[in-house]
Amino acid sequence: MTAFRDLLSGLVLLLLSAAFIIVGSGYGLGTPLRLGPGFLPIVTASILGIIGIAITVNALRAGVTLPDTQLSRTIAFLRAPIAILGSIIVFSLTINRFGLLVASALVVAISSLAEPGTNIIRVVILSIVLSGGAAVIFVFGLGLPIRLFRWWG
Amino acid sequence: MSFIENIALGFQVAFTTQALLFCFIGVFIGTFIGVLPGLGSVAGLSMLLPLTYHLPPSAAIIMLAGIYYGAQYGGSIASILLNLPGSPSSAVACLDGHPMSQQGRAGVALLMTTVASFIGATIGIFLVAVFGPALATVGLAFGAAEYSMLLLTALFAAGAIAQGSVLRGLAMVALGVLLGAVGTDITTGIRRYTLEIPELADGIPLVVLALGMFGLAEVIGRLTDKDAQTSKHARVSLRSMIPTREDVGRSVRPIARGAGVGSFFGTLPGTGVTLSAFMAYAIEKRVSSTPERFGKGAIEGITAPEAANNSAAQTAFIPTLTLGVPGDASMALLLGALMIHGIPPGPQFVGQHPDLFWGLIISFWIGNVLLAILNVPLIGMWVQLLRIPYHYLFPAILVFVCIGIYSVSNSSFDVTIVAVFGLIGYVMRLLRFEVAPLLIGFILGPMVEENLRRALTISRGDPMIFIDSPLSAAFVALFVIILLWTLRGTWRKPRPQQNQTIE
């Protein structure tokens, strides 16, 4: 399992390294007198790539066994990240359009899906409490210029 | 004026009712802002700056300064208790502070943090008072070549913070440097890696990176790992806050070292509290006879960085006040406040406004005393936070993170990116990569590049400039030594021990 993880790590690094080098090659290396904008990224990405190769090779030498994954376990595993990250994205989409109260409430509601079997009533109450509390702290308390509520688009 | 007379003058200015009042307000707000994730001292200062326009200059600066160093105290509270940094400089407190909290020693961690912060700040203030103007010349001795070599060494040392293999740590530093390159290149004006997105022209905000990778990734990680949720040691009594003799003994030298590191980096223009905290951690780990304890609740791992960032917060005033060069964004705001009040900082500052200068210094110390007094009883309250079941806590954390990030530039785009980095941070967590080295690479990378280019422009392309100056050559030598030492270490033991549980 550790070897598999290392293999993935190495490959991820190689992927990132390649991406940065490819995009960065257009920026120009420049001369020693005037280093171009591409110099640092390409050098650094190359170092990253070399490390990626080293880690991958080490992993392969240690012998890799693929873990057996079941679909149901994978889905259960993905639940929390999707719920949490999804709630943040929803906030970014709704904060300007609908205001702080709605956006915060949605964050609470959607992120609660991260755990299976949550009490709906608890979620609703928590949404109201937290969005209200946030309004008190951030807008009334600290004086942040954030719109609380807005209905039309 | 003799030193004693100066101190007396300072006490006169700082002990007026108004000065004390605003000092208190400042440190109180500062701590609060520091605790809230996403809202660092920069956001707090920019929000409260307009309020100070109508105050006399001394009161205004005293309050703003209080917010600034108060935030350093507060930031570590969230780091220790929730593994969620309140500000980027507190991210390092997560590394050992949170494990301590999980071992039921949250109270001890918080208390030692406060103590270390206070001592660090006191040492920093002392240095400002005694050496202030003289220390300014140290900052001046650092030209582009010296800076670039110093920071390059620091970058490499950052790879050493990693608990796993140094290779992985360095990979993260490299990735951090690359992420730091995203945005507009200062020297040429070309946009790099912005993928045609206009909001990225200014680069990725530090607080977004830090909060996404440390904070969000942590929340996701906690929810997928069922065992990590219930805090087994919810009971906290006054007794459990008291550190053992061993704790205290172990912390004396780290605090001293941390304060030294912080004072040094605080004085240098351009480097600030975040860097000081991380460097102190790296140094502690390097000089410790038992480095494997780090990351698992070693008390040195929090006392050194906390002493460092608080002493850096104080000594950062040296270049700001005596040279007019701010160390970081918060200092820049304070500088702006001074100028708004018609008091330009610079070499004339101490001479023309001795009452303000010394009044500030004494007031800094009063502020730290207030903070220590305020924070200690509150520790019990903070620890109660741990008893809240996580399913109430994590939505609150998310709301605070969202609003905190949004409030930095009223930008919903920033909130989107924090989600992206949350994902990246989580993936890194799964692959057992560490975030701390990445953060350092992100901060230092652009600075290394800028100074490297500047040095080569000054020398007209001649690389010998890096060895010409004794200071620069010293750093090059240091870099080579650390490099060889690290390689030797990797050569001896084929694979460092990794106590990783398989998921």
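Residue numbers (numbering that gives the first Met the number 0), protein chains in the order written: chain U, 0 to 152; chain P, 0 to 502. By construction, the Cβ of each residue, glycine as well, lies at the ideal position given by its N, Cα and C atoms.
In the structure shown, residue 183 of chain P falls within a strand segment according to DSSP collapsed to helix, strand and coil. According to DSSP, residue 190 of chain P shares a beta bridge with P:183.
Rounded to whole angstroms, residue 194 of chain P and residue 182 of chain P show a C-alpha spacing of 10 Å.
Short of 6 Å from the beta carbon of residue 172 of chain P, and not among the five residues preceding or following it, lie these beta carbons of its own chain, in chain order: 154, 157, 158, 436, 440. For the stretch 43-63 of chain P, the beta-carbon criterion of a distance under 7 Å to any beta-carbon of chain U is satisfied by 46. The Cβ of residue 395 of chain P sits closer than 9 Å to at least one Cβ of chain U.
Pairing residue 363 of chain P with residue 148 of chain P gives a Cβ-Cβ distance that is not under 9 Å.
The C-beta of residue 117 of chain U comes closer than 9 Å to at least one C-beta of chain P. Residue 50 of chain P carries a helical assignment under DSSP once its states are collapsed to helix, strand and coil. The beta carbons of residue 290 of chain P and residue 115 of chain P sit no closer together than 9 Å. Here the alpha carbons of residue 249 of chain P and residue 147 of chain U stand approximately 49 Å from one another.
About 6 Å separates the beta carbon of residue 360 of chain P from that of residue 9 of chain P, a gap short enough to meet the 8 Å contact definition. Distance from the CA of residue 87 of chain U to the CA of residue 3 of chain U, rounded to the nearest whole angstrom, comes to 31 Å.
For the 9 Å CB-CB criterion, residue 176 of chain P and residue 444 of chain P form a contact. Taken through DSSP and simplified to helix, strand or coil, residue 455 of chain P comes out as helix. Close to residue 28 of chain U, with beta-carbon spacing below 8 Å, lies no residue of chain P; the smallest spacing is near 12 Å.
Excluding its 5 nearest sequence neighbours in each direction, residue 126 of chain U has C-beta neighbours in its own chain below 7 Å: 104, 107, 108, listed in chain order. Look at the beta carbons and you see the stretch 164-171 of chain P not touching the stretch 40-60 of chain P: under three pairs across the two are nearer than 8 Å. Here residue 109 of chain P really is in contact with residue 381 of chain P; their C-beta atoms are around 6 Å apart, less than 8 Å. Scanning the stretch 20-68 of chain U from its first residue to its last, the whole alpha helix (DSSP H) runs of 4-plus residues come out as 38-61.
Taking CB atoms only, residue 22 of chain U has a neighbour in chain P less than 9 Å away.
In terms of Cα proximity to residue 105 of chain P, the closest of P:124, P:82, P:117, P:174 is P:82. Going by DSSP, residue 330 of chain P is part of the alpha helix (DSSP H) stretching over 328-339.
One alpha carbon belongs to residue 57 of chain P, the other to residue 446 of chain P, and they sit about 33 Å apart. For residue 13 of chain P, the closest alpha carbon among the candidates P:70, P:103, P:305, P:59 is that of P:59. In this chain, the alpha helix (DSSP H) harbouring residue 309 of chain P covers 299-314. Residue 97 of chain U is outside the set of residues whose beta carbon lies under 9 Å from a beta carbon in chain P. At a cut-off of 9 Å between beta-carbon atoms, residue 201 of chain P makes no contact with chain U. Contact annotation for residue 113 of chain U against chain P: 222 [CB-CB distance below 7 Å, chain order]. Contact with chain P is absent for residue 73 of chain U, since none of that chain's Cβ atoms lies less than 9 Å from the residue's Cβ. DSSP places residue 267 of chain P in the coil class of the three-state scheme, outside both helix and strand. Secondary structure in the stretch 67-152 of chain P: the alpha helix (DSSP H) runs of 4 residues or longer, each lying completely within the stretch, are 90-101, 105-140 in chain order. Against residue 485 of chain P, chain U offers no close residue; the least beta-carbon distance is about 13 Å (beta-carbon pairs closer than 7 Å).
Taking the beta carbon of residue 451 of chain P as reference, the chain U residues within 9 Å of it are 34, 38, 39, listed in sequence order.
Along the stretch 421-443 of chain P, going in chain order, the ones with a CB nearer than 7 Å to a CB of chain U are 421, 422, 425, 430, 431, 432. Here residue 250 of chain P carries a helix assignment [DSSP, helix/strand/coil].
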